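The numbering of the sequence shown is numbering that gives the first Met the number 0, which starts it at 0 and goes up by one.
Beta carbons are placed, not taken as given, at the ideal position from N, Cα and C, and that holds for glycine.
Given the structure is predicted, the values throughout are model-derived calculations rather than measurements.
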Amino acid sequence: MGRFFGCLLFSIFLCGSPIYAQTDLAVSVFGAFNQSTSGSVITQSPSNQAGILIEARHIRNPLVGYEVTYAYNRANQAYTNPPPSSCPASGCGFPSYAAIQANTNELTADWVVSMKVLGIRPFALAGGGALITIPTGGTLTTTTWEPPVCGIPCEGVTTTTNTPASTQSQSTINFVYGAGVDWPVLPHLGLRFQYRGRVYTAPALATAFSSTNSFTRTSEPVSGAFFRF
């Protein structure tokens with residue numbers, strides 16, 4: 000029993016040893032692959048985009064590590080609204096589609112666990128922060144149905160009109176998770192490969208459409224380089 004506790008204390012001491020510590024700054028590129036959501040009859044379809052990720056990380060021991068991150072990527076959104084089930088005899092019009100161009104800024108604080116194995120450092124992380132989506136423009140398509148002039152046997156006339164979309168910025172809580180590996184190349188320089196996921200509420204950027212009020216997920220394969228201080 001004494002030997003067991005001795006080994007345990009030695010392991011705890013070793014985990015806190017500076018040989019496990021690492022402080023680094025990483026710059027990476029990633030692909031943001033997004034899920035579509037539906038709700039309140041609206042379908043929201045984000046486009047897949049590329050982005051950049053900056054991480055400042057400190058690893059104290061295998062169980063204690065933390066980082067702060069900033070990420071930027073394009074976040075274009077498309078909103079689709081189905082036609083109403085019926086129109087009055089006088090006709091009707093409704094916003095049927097919106098294409099919104101936008102940028103997303105992500106700020107997070109994450110907990111990191113890692114361990115050196117055969118000269119590399121696998122790690123896992125979880126955390127959260129803010130996701131701020133800012134529109135840069137967009138187009139709103141309005142569909143109008145007009146009743147026939149010649150009476151019931153004739154079909155009505157459907158027209159579409161494109162106008163600049165009215166937009167709004169959106170901020171939401173963002174949860175992140177991920178895993179990856181650090182691969183040292185030089186004493187102070189290495190490569191970082193990881194997968195990160197975001198979970199957040201789909202943003203309502205076009206004022207003509209309500210939000211789907213649905214949680215969505217972005218999958219991000221990430222690769223870059225880190226500089227160890």
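Please go through the same chain and pick out, in chain order, the residues whose beta-carbon is closer than 7 Å to the beta-carbon of residue 208, but skip the five residues on each side of it.
41, 78, 80, 94, 97
Ordered along the chain, which non-local residues of its own chain (more than five positions away) have a Cβ less than 7 Å from that of residue 187?
226, 227
Under 8 Å, do residue 104 and residue 71 count as touching if we go by C-beta distance?
yes
Compare the Cα-Cα distances from residue 133 to each of 19, 212, 25, 101 and report the closest residue.
101
Examine the Cβ distances between the segment 106-114 and the segment 134-146 and report whether three or more of them are shorter than 8 Å.
no
Through-space distance from residue 162 to residue 156, alpha-carbon basis
If you take the alpha carbons of residue 156 and residue 162, they lie about 20 Å apart.
Between which two residues does the beta strand (DSSP E) holding residue 19 run?
That residue, residue 19, is in no beta strand (DSSP E); it is neither H nor E in DSSP.
Given residue 24, which residues of its chain have a CB within under 6 Å of its CB, disregarding the five upstream and five downstream residues?
55, 226
Looking only at C-alpha atoms, which of 74, 114, 49 sits nearest to residue 60?
114
Is it buried or exposed for residue 285, if we count other Cβ within 10 angstroms and need 16 for buried?
Within the shown structure, residues of the chain are numbered from 0 to 228, placing residue 285 beyond reach of any answer.
Work out the CA separation of residue 192 and residue 179 for me, nearest whole Å.
When rounded, the distance between both Cα atoms is 5 Å.
Are the beta-carbon atoms belonging to residue 201 and residue 218 less than 8 Å from one another?
no
What separation, rounded to the nearest whole angstrom, lies between the Cα atoms of residue 63 and residue 110?
8 Å
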